[in-house]
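First comes the structure, then the notes that go with it.
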Amino acid sequence: MTVRDRILSAIRATLGPGKPANEIAVEAALLLEPVDTARPALVAPALPDAFAQKAAALGTTIDRVSGMAGVPQAAARYLKAHGLPPRLAMQPTPELSALDWAGITPSPQIAPDEPAALGLALCGIAESGSLVIHSGPGNPILLSFLPLHHIVVLREATLLPYLEDYAARLSPQQVPRNAILITGPSGTTDIEGSYVRGAHGPGFLHVILVSGAG
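Structure representation (structure tokens):
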């Protein structure tokens, strides 16, 4: 008998006879049934308010606009407030490129030292103030990692209460190559316990929260 066999034999002896598969299935179903009792209450009744409060508590800044037409002005306000030039790398998606960017120079290319970039979130999670971004042909993954200032457009209509609500909506055909969950600006305390902002990604995260359908 090998060492491996002896170890496995000892584990089996400790565990004793296993339960029938049907009993295990019933117990598992009971654990999953009262999902709402295990979920934390959201910090506000309305999803946009709950998301904004959780995100702000993590260092994310929020600007709320009515309709997509207000996104360029909101982006311009942010750039001016931070002393940044009126240009940004932008996700090449029709929803953004069709907007009036007069006064700002958007570019589909992103440089390694990019000051600011703007993209569109797939959805937001109100429970944690997180953003969900899927990579794809129209959404270069580096937009979420290279810029110092990451500006993300989030439509209120895409907000979900909890993380598992996002997972439940995915089908095998929708699973992207990269699914990015962003919760606050990048930071770490790995080096001597000192907080370093922007160590692994953008040091500033700004969300333009868009209400309405337009």
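In the numbering used here, the protein residues as written are 7 to 220.
Yeah, the Cβ is synthetic: ideal placement off N, Cα and C, and Gly gets one too.
In this text the structure is predicted, and so the values were computed from the model without any measurement.
Original post:
What are the boundary residues of the alpha helix (DSSP H) that includes Ser103?
Top reply: Within the sequence shown, the letter at position 97 stands for residue 103. Boundaries of the alpha helix (DSSP H) around Ser103: 100 to 103.
Original post:
Using DSSP with H/G/I as helix, E/B as strand and the rest coil, what is Thr189?
Top reply: The residue you call residue 189 lines up with position 183 of the sequence shown. Residue state for Thr189 is assigned as coil, using DSSP reduced to three classes.
Subject >> Same chain, Cβ closer than 6 Å to Pro153, neighbours up to 5 away in sequence not counted >> reply: Counted from its first residue, the sequence shown places residue 153 at position 147. Annotation for Pro153: Glu120, Ala122, Ala123, Pro208 place their beta carbon closer than 6 Å to its own, counting only its chain and skipping 5 residues before and after.
**OP:** From the DSSP output, in three-state form, read off Ile13 for me.
**Re:** Residue numbering aside, residue 13 sits at position 7 when the sequence shown is read from its first letter. Ile13: helix per DSSP, three-state reduction.
Subject >> beta strand (DSSP E) segment containing Ala123, residue limits >> reply: Within the sequence shown, numbered from 1, the residue matching residue 123 stands at position 117. 122 to 126 is the extent of the beta strand (DSSP E) around Ala123.
**OP:** Could you name the residues that DSSP lists as bridge partners for Pro112?
**Re:** Residue mapping note: residue 112 aligns to position 106 of the sequence shown, counting from 1. Answer is Leu94.
Original post:
Just reading off the beta strand (DSSP E) that Arg161 is part of, what are its end residues?
Top reply: Looking up residue 161 in the sequence shown gives position 155. From DSSP, the beta strand (DSSP E) with Arg161 extends over 155 to 161.
Original post:
So what does Gly130 bridge to, in DSSP terms?
Top reply: In the sequence shown, the residue the question calls residue 130 occupies position 124. Leu137, Leu165.
**OP:** Quick one: give me the first and last residue of the alpha helix (DSSP H) that Leu53 is part of.
**Re:** One-based indexing of the sequence shown puts residue 53 at position 47. Element bounds for Leu53: 53 to 63.
**OP:** May I have the straight-line CA-CA distance separating Thr43 from Lys25, to the nearest angstrom?
**Re:** Locating residue 43 in the sequence shown gives position 37, where the first residue counts as 1. Locating residue 25 in the sequence shown gives position 19, where the first residue counts as 1. One C-alpha to the other measures close to 27 Å.
Original post:
Whose CA, out of Ile214, Ser217, Gly190, Ala80, lies closest to the CA of His206?
Top reply: Counted from its first residue, the sequence shown places residue 206 at position 200. For His206, the closest of Ile214, Ser217, Gly190, Ala80 by C-alpha to C-alpha distance is Gly190.
**OP:** Rounded to whole angstroms, what's the CA-CA distance from Asp106 to Val77? Just pull it up for me.
**Re:** Within the sequence shown, the letter at position 100 stands for residue 106. Within the sequence shown, the letter at position 71 stands for residue 77. Val77 has its alpha-carbon roughly 9 Å from the corresponding atom of Asp106.
Original post:
In its own chain, which residues sit with a C-beta less than 6 Å from the C-beta of Asp55, not counting the 5 before and 5 after it?
Top reply: Position 49 of the sequence shown holds residue 55. Here the set comprises nothing.
Original post:
If you check the beta carbons only, do Ser227 and Ile188 fall under 9 Å apart?
Top reply: Because residue 227 is not part of the residues shown, which for the chain are 7 to 220, the question remains open.
Subject >> Residues sharing a beta bridge with Gly142, DSSP >> reply: Sequence index remark: in the sequence shown, residue 142 carries index 136 (1-based). DSSP output for Gly142 lists Asn145 as bridge partner(s).
Subject >> Cβ-based burial, Tyr84 [other Cβ within 10 Å; buried from 16] >> reply: By 1-based counting over the sequence shown, the position of residue 84 is 78. Answer is buried; the Cβ neighbour count reaches 16.
Original post:
Going along the chain, which residues of its own chain have a beta-carbon closer than 8 Å to the beta-carbon of Ala82, five neighbours each way excluded?
Top reply: For the purposes of this step, residue 82 is taken as residue 76 along the sequence shown, with counting starting at 1. Counting only Cβ-Cβ distances below 8 Å, and skipping sequence neighbours, we find Pro92, Gly109, Ile110.
Original post:
What span of residues does the beta strand (DSSP E) with Val216 cover, start to end?
Top reply: One-based indexing of the sequence shown puts residue 216 at position 210. That run of the beta strand (DSSP E) goes 210 to 217.
Original post:
Leaving out the 5 sequence neighbours to the left and right, which residues in its chain are closer than 6 Å to Thr67 when beta-carbon positions are compared?
Top reply: Counting from one through the sequence shown, the residue named residue 67 turns up at place 61. Contacts found: His212.
Original post:
For Thr164, which residues of its own chain have a beta-carbon under 8 Å away from its beta-carbon, when the five flanking residues on both sides are left out?
Top reply: Sequence index remark: in the sequence shown, residue 164 carries index 158 (1-based). Ala127, Leu128, Cys129, Gly130.
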